[in-house]
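Read the structure below first, then the notes.
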Amino acid sequence: MKLFRICFAAMVALAPFGASADEVVLKSVSTWPSSYAVVKEYLRFVERVNETGKGVVRIDHIGGPEVVPADQQDTAIRNGVFDIQFGAASYYSGVVPEADALKSSEISPIEARKAGAIELLSGIWRKKLNAEVLGWMSGGIGFYLYLTEAPKLTPEGVPDLRGLKLRSSSAYKDWFEAMGATNVMMALPETFSAFERGMVDGLAATGINFRDVGVTKFIKARVSPAVWQIDTLIVMNAGKFDALPEQARKVLVAAAVEQEARTMDAYRVQADEEAAEIAKSGVQFIDLGPDAGAKYKALAHELVWERLARNAPDSAEALRRALSK
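If you want it as structure tokens, here you go:
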């Protein structure tokens, strides 16, 4: 709470001058620094709100984990210390286990919104995190295995990771174990030194943020196909959202809907650019092929749905129906 008081004081100090008396100013924070590709895209949402909501609502992005540690941002949003948060839902899966459903979804955010899945998710987030889900910025981007050497394959053609140590978190633990790897649990900023010291043989990362991790020089192979989808959400303190004037709420939702669509194109371009840069550095791209690739993806996805059924039995089936093809 001391940290939150400090953050609140900083927010007051940073409160803008010259704003319209009727303009609502919202403070936002992100899981990652502003240098990350996904945060840069989130800031486009902020710009869109500020352009279309002039005189009505504005977002001031205060910063990332340097302001509030990523693993404390869920509490900051729930308690209203910050109004809006952008980041990985898996960071607060202990509070909202339903966050797993986003990762294993088979449909895009646009399809999810049309199917009522965003509304369903928002109802759950309100109950468990006191938060309204404004938008899901996945862009259809998944996760790849990045390894220091090309992996061995089982007779079925899927990676056999026995004997390998992978940088891990709760999001990857079951998947890595299912392929025989040893999990080395650590925060992402610790990964570079872990590779330097030979503590890990690889990691999983998305197709657009891998270079941000800074470990490309250690990697020799990237395994395809990608699995899952990124679970980056824009969420807002529910009480603050409900208290906004109707026009302000419409501005926020409209900007979020537009951003969901924009990321489908923007992330695809970023993913292609990143793949080209990684290939130039000498990383071998290993494609498992259609049959083995389907088994590889099915393993990753089914593990997530099974975990969700254990951790959130009341909502798991409804979420799977809403987020599956």
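Heads up: the sequence shown runs through residues -21 to -1, 1 to 304, numbered per mature numbering (1 follows the signal peptide of the UniProt record, and there is no 0).
Glycine included, every Cβ here is placed at the ideal spot set by N, Cα and C.
Assigned exposure category for Asp244 - 16 Cβ within 10 Å defines buried = Counting other Cβ atoms within 10 Å of its Cβ, Asp244 stays below 16 and is therefore classed as exposed.
With 16 other Cβ atoms within 10 Å as the buried cut-off, status of Ala291 | Buried.
Quick one: measure Cβ to Cβ for Ser126 and Lys199, integer angstroms, because I've assumed they're closer than 8 Å.
-> Note that residue 126 is Leu in the sequence shown here, rather than Ser. Right, their Cβ atoms sit about 7 Å apart.
N- and C-terminal bounds of the alpha helix (DSSP H) containing Val28 | DSSP places Val28 in the uninterrupted alpha helix (DSSP H) bounded by 16 to 31.
Range covered by the beta strand (DSSP E) that runs through Arg146 | 144 to 147 is the extent of the beta strand (DSSP E) around Arg146.
Expressed to the nearest angstrom, what Euclidean distance is found between the alpha-carbon atoms of Ala271 and Gly136?
-> Approximately 5 Å between the Cα atoms of the pair.
Among Phe189, Met158, Gly73, which has the Cα closest to the Cα of Tyr123?
-> Of the listed residues, the one whose Cα sits closest to Tyr123 is Phe189.
Residues sharing a beta bridge with Ile257, DSSP = Looking at the DSSP assignment, Ile257 forms no beta bridge with any residue, so it has no partner.
Cβ neighbours of Arg27 in the same chain (closer than 6 Å, five flanking residues each side left out) = Result list for Arg27: Ala234, in chain order.
Asp50, enclosing beta strand (DSSP E) - first and last residue = For Asp50, there is no enclosing beta strand (DSSP E), since its DSSP letter is neither H nor E.
Enclosing beta strand (DSSP E) for Leu124 [first to last residue] = That run of the beta strand (DSSP E) goes 122 to 126.
Length-filtered (4 minimum) alpha helix (DSSP H) runs lying within the region 160 to 204 = With a minimum length of 4 residues, the continuous alpha helix (DSSP H) runs that stay inside the region 160 to 204 are 170 to 175, 189 to 192.
Run the CB neighbour count on Ser69, radius 10 Å, all protein chains shown included, and call it buried at 16 or more, exposed below.
-> Classification of Ser69: buried, given that the 10 Å Cβ count is 16 or more.
Could you tell me whether the Cβ atoms of Val36 and Leu231 are closer together than 9 Å?
-> Yes; because the gap between Cβ atoms is below 9 Å, this pair is in contact.
Does the pairing of the region 274 to 281 with the region 210 to 229 give three or more beta-carbon distances under 8 Å?
-> They do not touch, by the three-pair rule.
Return yes when the Cβ of Ala250 is within less than 9 Å of the Cβ of Gly181, no when it is not.
-> Contact flag unset, no.
Three-state secondary structure (DSSP) of Gly272 = Under the three-state reduction of DSSP output, Gly272 falls in the helix class.
Own chain residues within Cβ distance below 8 Å of Arg241, not counting five before or after = These residues qualify, in order along the chain: Glu20, Arg23.
Less than 9 Å separating the beta-carbons of Thr211 and Gly193?
-> Contact flag unset, no.
Would you say Leu302 and Ser72 are within 9 Å of each other, going by their C-beta atoms?
-> Taking 9 Å as the cut-off, the beta carbon of Leu302 is found no closer than this to the beta carbon of Ser72.
Burial state of Lys196 (16 or more Cβ within 10 Å) | Burial check for Lys196: the Cβ neighbour count within 10 Å stays below 16, so the residue is exposed.
Just mark Met164 as buried or exposed, buried being the case when its beta carbon has 16 or more other beta carbons within 10 Å.
-> When all chains shown are included, Met164 counts as exposed.
Taking Lys82 and Asp39 to be in contact with their CB atoms under 8 Å, please state how far apart those CB atoms are, rounded to whole angstroms.
-> About 30 Å; that fails the 8 Å criterion.
Thinking Asp293 and Tyr15 are a contact (beta carbons under 8 Å), I'd like their distance in whole angstroms, please.
-> About 34 Å separates the beta carbon of Asp293 from that of Tyr15, a gap too long to meet the 8 Å contact definition.
Determine the direct distance from the alpha carbon of Pro134 to that of Ile213, and round the result to whole angstroms.
-> The straight-line gap from Cα to Cα measures roughly 42 Å.
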